[in-house]
Amino acid sequence: MKKLQHHLISAVLLDPKKGLNFDLDTWQSVILVLREEKLLATLYHLALDIAVFEQYPEFAQRHLYSASIYARRQSKQIFYEALLLQELLGKNGITPIFLKGANYTLRGSKNSQGRICSDIDVLVKVEDLDNCESLLLSQNWKSEKLTQYDERYYRKWAHEIPPLIHPFRGTVLDVHHNLYLPISGRSPKIELFINELEFTDDNFAVLKIPQTVMHSIIHLFMNENFSSGMRDLFDIYRLIKAYADESFWNELIVLARQSNFLVELQYCLRALEIIFSFEVPEYVSIALNENQLSWTQRIWAKHIFVNAILPQHPLISLSRQSFASSLAYFRGHWVKMPKTVLIKHFIVKMYNQLLDQVLGKHQLDPKQL
Amino acid sequence: MIVNTGLYNFSLDSFPSKLSPIISNVYADAAEQDRPIDFAISLRKDSLVRRFLKPQITFYSDIHAPFKPLPLSQAYALLEWGMNWCIAAHDFSRLIVHAAVLVKNNQAIIFPASPGSGKSTLTAYLSLNGWTLYSDEMAIIDLDNQQVSPLYRPVCLKNDSISIIKALHPEAQMTPVCKDTQKGDVSHLKGIDWQNYSKLEPVDVVGMVFPKYKKEMDLTIYTCNQLQAFEAMSKHAFNYTVLGQEAFNVVGKLIQKASLFEVEYNSLPELAEFLAEDVIR
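Chains as they are written, first to last, in the UniProt record's numbering: chain A, 1 to 369; chain B, 1 to 281.
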């Protein structure tokens, strides 16, 4: 199968007209990579918007269209679940604030078209968390089956409810009370994000745009898993393209400073420049001037994060990427937890991984024994 | 290796070499068409120790594994089920129903799958007795004209039906039996060759039949009401909830056009006769 150049994926996302020059071998590989990156349906909408979709080969059209139907259903599901949540929690004086994919979909931002989410994330105030959990459990939401270790991880270290799943509808719901793990010591003052909220046309509460973008940046750059990194960075790119004016940038920079994520903001801008040829406005660079990255941070920005974010698919990936991903994976944990907790966590995870490697996956699954 | 199933083209990139003759038996005559592949799949042995001790095999759809590994001896069945999964999880441009489809005189009958229906035995029997096998596991239905398309796949026979079909048709081409899978013992039967398959076209659905195998029961035919048929079809459609309104419309049109029967039977030839004379128009 035909190997792809890295820039080809971002190139076709930025300008779907590029697809008109692809031969079928290229399309075949592009479809496979985009499918793994959860970006097939996104390209469908991008191509449709500039009226080139119909000129794509039938093969490409079929796969892009099919993916868009799945995404359409997800979007409907998000509206439906949001309505039920709003009603259930609202009756009890709790306002759920929708985050990430649900935020994009409910506000109808362009990047939500064709976006595929694995779960719905909502934020509630910490004092409402217990009440929220029991209300949800009363409506048939169930805790996903976790190992004892993972359950403790969520409750004790993450101070979060483990993900809830609705057995009839298959929806997965993540209820948060902060945008980042409290145990890390890095969780921002939540008031910075929720003091002012935006309400969508259907009256769903979502973060304001600078807060939305800041949260997406935190989520991407303070995490260990970059498997949907390309999609997540493209979300940020499109939000900025759609909403950024001078006041947006000012608010974003102030927010990054106050919440202590200025470094992550700069990592993100660098990744946007490198992967999507984004031009950072001059006044933004000037405003960030006094907080320039150190040389190690510059290496992380340019060589580690970018490689971890770019698609890692056998048809495209470079050997330096898996090294970058391992580093980024380690950093994701490093920033998340106090070091003593981190070491314990790694020992358990490594032990489990070792067992998997030696004995085969799922060796502890009761059904397999 | 390319595994061409007609509507969908798979590239099987790594697999245990022992499978090679089995896959060739089933798919080798499907000409390698000059068209792009839809899904990259592989079957891989994962763990080091498990290569020697109770060896396992994992199905990969491109770079992720949708299900748990199975014992190595079940590799071929896993390949077939994995391909089913790829189709059901990615194709939302058609309605895909868990059902067998058999065709006579360019008219199709759909047999939705229910446990104990004897669907696969019936499918194998009909495909060896003058009917054209369109599909054993998946009815692929066009959203605009409700026609059903053929799929170049074998029939998945389970448990007793393996020996029943072998006894009736010793010449039938079957894969070696995979023992003790989730579905019991499994063997795949080649129900059509590529030369015949390649001439097939999408056809109209004239009947929907819900068979029930009952050992003590002579052929008994019930007409089935539209509501029951609608319920069964929507329940058995893999992508019904994803397609939503469109699926609702297609199923609605299908059950209005087709004659609907529930049959209890203990004799395959008798049932075949009923189908050919009373359901096919």
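Ideal Cβ positions, reconstructed from N, Cα and C, are used throughout, including at glycine.
LEU129 of chain A sits away from PHE204 of chain A, with the two beta carbons spaced by 7 Å or more. Looking at B:GLN147, B:ASP136, B:PRO170 and B:LEU200, the one whose alpha-carbon comes closest to that of LEU157 of chain B is B:ASP136. With its beta carbon less than 7 Å from one in chain B, LEU32 of chain A belongs to the interface. Annotated as distal: ILE274 of chain A and VAL33 of chain A, with beta-carbon spacing of 7 Å or more. Counted as a single uninterrupted DSSP element, the stretch harbouring ILE37 of chain B is not any beta strand (DSSP E), since DSSP gives it neither H nor E.
Sequence-distant partners of ASN223 of chain A (beyond 5 residues in either direction) whose C-beta falls short of 7 Å from its own C-beta, in its chain, are GLY332. For TYR329 of chain A, the closest Cβ of chain B is not nearer than 7 Å. In terms of CA proximity to ALA324 of chain A, A:ASN307 leads the group A:ASN307, A:LEU318 and A:LYS336.
Classified as buried, VAL251 of chain B has 16 or more neighbouring CB atoms from the shown chains inside 10 Å of its CB. HIS177 of chain A and VAL254 of chain A do not touch by the CB rule: their CB atoms are close to 23 Å apart, not below 8 Å. The Cβ-Cβ distance between VAL175 of chain A and CYS132 of chain A falls below 7 Å.
PRO311 of chain A sits in coil when the DSSP states are folded into three classes, being neither helix nor strand. The CB of SER66 of chain A comes closer than 7 Å to the CB of HIS90, ASP91, PHE92 and SER93 in chain B, given here in chain order. In this structure, DSSP gives MET174 of chain B an extended state, which the three-state scheme calls strand. What PHE59 of chain A touches in chain B, judged by beta-carbon distance under 9 Å, is ARG35, PRO36 and ASP38, going in chain order. With fewer than 16 other Cβ atoms inside 10 Å of its own Cβ, GLN182 of chain B counts as exposed. Secondary structure at PRO211 of chain B: strand, using DSSP grouped into helix, strand and coil. In the DSSP assignment, HIS188 of chain B falls within the unbroken beta strand (DSSP E) covering 184-189.
Under the Cβ distance rule, ILE141 of chain B does not count among the residues neighbouring chain A, no pair being separated by less than 7 Å. Distances from the CA of TYR70 of chain A to each of A:GLN113, A:ASN92, A:VAL52 and A:VAL280 were compared; the closest alpha carbon is that of A:GLN113. Counting along the chain, no alpha helix (DSSP H) covers SER259 of chain A, and no H or E run does either. Here PHE261 of chain A is not near ILE304 of chain A, since their CB atoms are 7 Å or more apart. Residue burial annotation: ASN9 of chain B is buried, with at least 16 other C-beta atoms found within 10 angstroms of its C-beta. With a 10 Å radius around the Cβ and a threshold of 16 neighbouring Cβ atoms, PRO66 of chain B comes out exposed. When CB distances to chain A are screened at a threshold of 9 Å, not a single residue of the stretch 122-140 of chain B falls below it. DSSP places TYR60 of chain B in the strand class (E or B) of the three-state scheme. Within 7 Å of the CB of LEU24 of chain A, the CB atoms of chain B belong to PRO36, in sequence order along the chain. Close to GLN353 of chain A, with beta-carbon spacing below 8 Å, lies no residue of chain B; the smallest spacing is near 11 Å. Per DSSP, reduced to three states, the secondary structure at HIS236 of chain B is helical. If you ignore the 5 residues before and after ILE221 of chain B, its C-beta comes within less than 7 Å of the C-beta of PHE261, VAL263 and PHE274, all in its own chain and listed in chain order. Under the DSSP definition of a beta bridge, SER11 of chain B partners with B:ILE2 and B:ALA40. Identification of residues in the stretch 239-263 of chain B having a C-beta nearer than 8 Å to some C-beta of chain A yields THR241, VAL242, LEU243 and GLY244, given in sequence order. Proximity to THR95 of chain A across A:TYR65, A:GLU127 and A:GLY101 peaks at A:GLU127, based on C-alpha coordinates. Inclusion of HIS98 of chain B and PRO154 of chain B in the CB contact set at 7 Å is not warranted, their separation being larger than that value. LEU20 of chain A and VAL52 of chain A do touch by the CB rule: their CB atoms are close to 6 Å apart, below 8 Å. Residues of chain B with a Cβ closer than 9 Å to the Cβ of TRP27 of chain A are, in chain order, PRO36.
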